[in-house]
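Quick note: the sequence shown uses the working numbering, first residue 370, plus one each step.
Note that CB positions come from ideal geometry on N, CA and C, so glycine has one too.
Report on one structure; see the data block that follows.
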Amino acid sequence: MTAAEPGTRRRRHHMADPGGYIAGLDGLRALAVGAVVIYHITPTALPGGFLGVDVFFVVSGFLITTLLLRELRKTKGIDLKGFWKRRARRLLPALVFLVLTVVPVAGLINRDLLVGIGRQVLGALTFSSNWLEIANGSSYFNQTSPQLFKNFWSLAVEEQFYLIWPPLFLLVIVLVKGWRARVGIAVGLAGLSALLMAILYDPEYATRVYYGTDTHLFGLALGIALAFSWSPASGTWLAGRWSRWSQVAGLGALIGLLALMATLSDESAFAYRGGILLSSILTLLVIGAMIAPGSPIARASENRVFGWIGTRSYAIYLWHWPILVMVGLIVPAAPGTALFWARSAAAVAITAAICEFSHRHIETPIRVNGFRASVASLRSSLLTRRPVHVGIAAATGLMIIGTGVAVAVAPEKSSVQLEIEENEKRFEASAPPEEDSVAGSPTEEPTTGGGEATPEATEPEPEDPAETSSATEEPPAEVDKAQFAMPSGEEITAIGDSIIVTSADGLEVAFPGINFIAKSNRQWHEAPALVQEGLATGTIRRAVILDYGTNAGIPDSQVVRDTIDMLGPDRMIVLVTIYGQSTFIDAANDIIREIAADYPNVAVADWHAAISAQPHLLQADQTHPDIGGMHLFAETVRVALESLSL
């Protein structure tokens, strides 16, 4: 394959120069960024939309290596300084513009948005967001405060690639002879990275392998392998063997990629043990089909809409998440409602408008003219003292000052986190003394704080596994609801995660004397041990509220049944539905309702329905209740208890 002669022009889809325009890639970029945006708006609609990032990785690895190969052929060398300067012109203007705009505006909307903003800004400007967030223990999937720049992790991975790969590329060219050997090295690197992701994957903290450059490098490496395969050094390989079946393979790969985006959940172990790698391989095949001469897939991907989105995909990726977060706080709305869709459409429109402005007036001028020429042009314009130019300079100054002030006054913890910590300390301090749990001599049966002693509460020792097994296998005995009286607060125990913790004040107002076994980030798999301990110490009363699953759903429904069986048929039990935008929400709530229907002494407190009707009663993270929300939570529980009462 040879480059076109200067001054000649080929049809786009016949472009043979690996460094020239490659038809179809704008369409692929549009698909990638569109998937990410949909995933961030409503993950249940496109659970695997996060794979759009991996599409970007493969495209970047391919294009950057292709550019380096082209420069090497033309100049017999690589101008590293020139390469990095071009990357800076391409990436920094939009990034700096976003930071200087978003940070001060976010501070005006809600101070919780500024939690950790200093670290986030530092990561953005030093290309280290992913590692700083890993070091901080941040989670991409579960958070008590919405991070403005959580999507910057992937930019950091790419920027690190831009810094490290060019000099390594030169070493590979010098030390490794033959395109097949170079492809082999790239494929081997991809395999090693994917293996690390699979081995290091921890379902309790998937962010480490998802954010890590070492564990998420395989997409970039596969792009490198494709670039080496497509280089003129590979001879007629592409035009011959591959071209015969490239379009069929490419179409199949595209269908497979779309299927993965539609089905693969970020909570699935398969995602980290082959799923993300598979999406990268499918992307490689799609690109391979597009670069084949006369590719129908490439032609089908060429249109004005895809072209517009593709050329602005970087800015769209930068802006869409902060705007979604800020608009979400300004206009609270439950997922799936008309207001939610209107709000989402408005956020997308705002993103598009800002990206168009950024593309025309910030990114393109600096990319074409360079930083120095752009600054000189602005300086000369200011000397004319035209109102427009003076206004631009003044606005820029205010943005810089506003960003500095926002970073300086940013809170260390969100209001949600402060409330959680305060209430957890209060729970520990107000734990009932032993004499309340065990009346009389140590051998007497413990009571349940106002209710009658139950068989479960009489045994301080762990249950016999055989008994637990039989209780699990046999359906609970029928219980006449007439034997349940509406409990007082001193007869109720609330067990659960941070939703219980942040609803504590509301529950205490509604049920004075209620006690708590609750802590942030607890999940259903922890419930049986906590209940067993509570039964042994007598701290669990005759009415129990169970609220787990906010962070992880219900991976194993049997755990819920085991917990209910341990509490026994003589207790009133309330299962609380969960609320959020995670992909597991609906499935978890279906399980809760299904299980409750099997037990006469179990009722459902439909928190999901209650808060969906009043989403303005949530805090900034759009998950935990505010003051009004905690009273709504308590009222929802009251309704459930009344359904079990006389």
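- Boundaries of the alpha helix (DSSP H) harbouring F709: 707–727, taken from the DSSP string.
- Burial state of W534 is buried, judged by a 10 Å Cβ sphere holding 16 or more other Cβ atoms.
- Taking the C-beta atoms as reference points, Y579 is found no nearer than 8 Å to Y683.
- If you draw a 10 Å sphere on the C-beta of K454, you find fewer than 16 other C-beta atoms in it, and that means exposed.
- Rounded to the nearest angstrom, the Cβ distance from M630 to L415 is 6 Å, consistent with a contact under 8 Å.
- With fewer than three CB-CB distances shorter than 8 Å, the stretch 436–450 does not count as touching the stretch 706–715.
- Counted as a single uninterrupted DSSP element, the beta strand (DSSP E) harbouring V945 occupies residues 941–945.
- Using a C-beta cut-off of 8 Å, the stretch 861–872 makes contact with the stretch 989–998, since at least three inter-stretch Cβ pairs fall below that distance.
- By the Cβ rule, the stretch 631–651 counts as touching the stretch 560–572, because three or more pairs are nearer than 8 Å.
- L467 and L767 do not touch by the CB rule: their CB atoms are close to 16 Å apart, not below 8 Å.
- Counting along the chain, no beta strand (DSSP E) covers V405; the unbroken alpha helix (DSSP H) around it starts and ends at 394–410.
- The Cβ neighbour count for A622, taken over all protein chains shown within 10 Å, is at least 16; the residue is labelled buried.
- Pairing D955 with T919 gives a Cβ-Cβ distance that is not under 8 Å.
- Counting only runs that start and end inside the stretch 846–933, the alpha helix (DSSP H) elements of at least 4 residues fall at 867–871, 873–879, 896–906.
- Rounded to the nearest whole angstrom, the C-alpha separation of T932 and S926 is 10 Å.
- With 16 or more neighbouring CB atoms inside 10 Å of its own CB, F675 falls in the buried class.
- Measuring C-alpha to C-alpha distances from G560 to each of Y531, H730, I656, A594 identifies A594 as the nearest.
- Contact annotation, L517 with L494: C-beta distance approximately 14 Å; criterion of less than 8 Å not satisfied.
- Around the beta-carbon of D990, 16 or more other beta-carbon atoms lie within 10 Å, marking it buried.
- Excluding five sequence positions before and after M855, the CB atoms of its chain that fall closer than 6 Å to its own CB belong to S1014, given in chain order.
- Note: V468 is not bridge-paired with any residue in the DSSP secondary-structure output.
- Nearest in C-alpha terms to V1006, of all of H993, V973, S783, P994, is V973.
- Taking C-beta separations shorter than 6 Å and ignoring five residues to either side along the sequence, the partners of G922 in its chain run F953, A957, following chain order.
- R613 sits exposed, since fewer than 16 C-beta atoms from the chains shown fall within 10 Å of its C-beta.
- By the beta-carbon neighbour count (other beta carbons within 10 angstroms, threshold 16), S799 is exposed.
- In the three-state scheme derived from DSSP, where H, G and I count as helix and E and B as strand, V971 is classed as strand.
- In the three-state scheme derived from DSSP, where H, G and I count as helix and E and B as strand, P994 is classed as strand.
- Note that the stretch 545–559 does not touch the stretch 720–729; fewer than 3 beta-carbon pairs, one per stretch, sit closer than 8 Å.
- Rounded to whole angstroms, the Cβ separation of I678 and I685 is 7 Å, and the two are in contact under 8 Å.
- L544 has its alpha-carbon roughly 34 Å from the corresponding atom of F521.
- A straight line joining the alpha-carbon of W893 with that of I961 spans about 12 Å.
- The criterion of a C-beta distance shorter than 8 Å is not satisfied by V913 and T946.
- Distance from V552 to S598 at the Cβ level is roughly 5 Å; contact confirmed, criterion being Cβ atoms closer than 8 Å.
- The stretch 672–711 contains, as complete alpha helix (DSSP H) runs of 4+ residues, the segments 673–680, 682–699 (chain order).
- Shown here, L987 sits in a strand according to DSSP, grouped into three states.
- In the three-state scheme derived from DSSP, where H, G and I count as helix and E and B as strand, Q950 is classed as coil.
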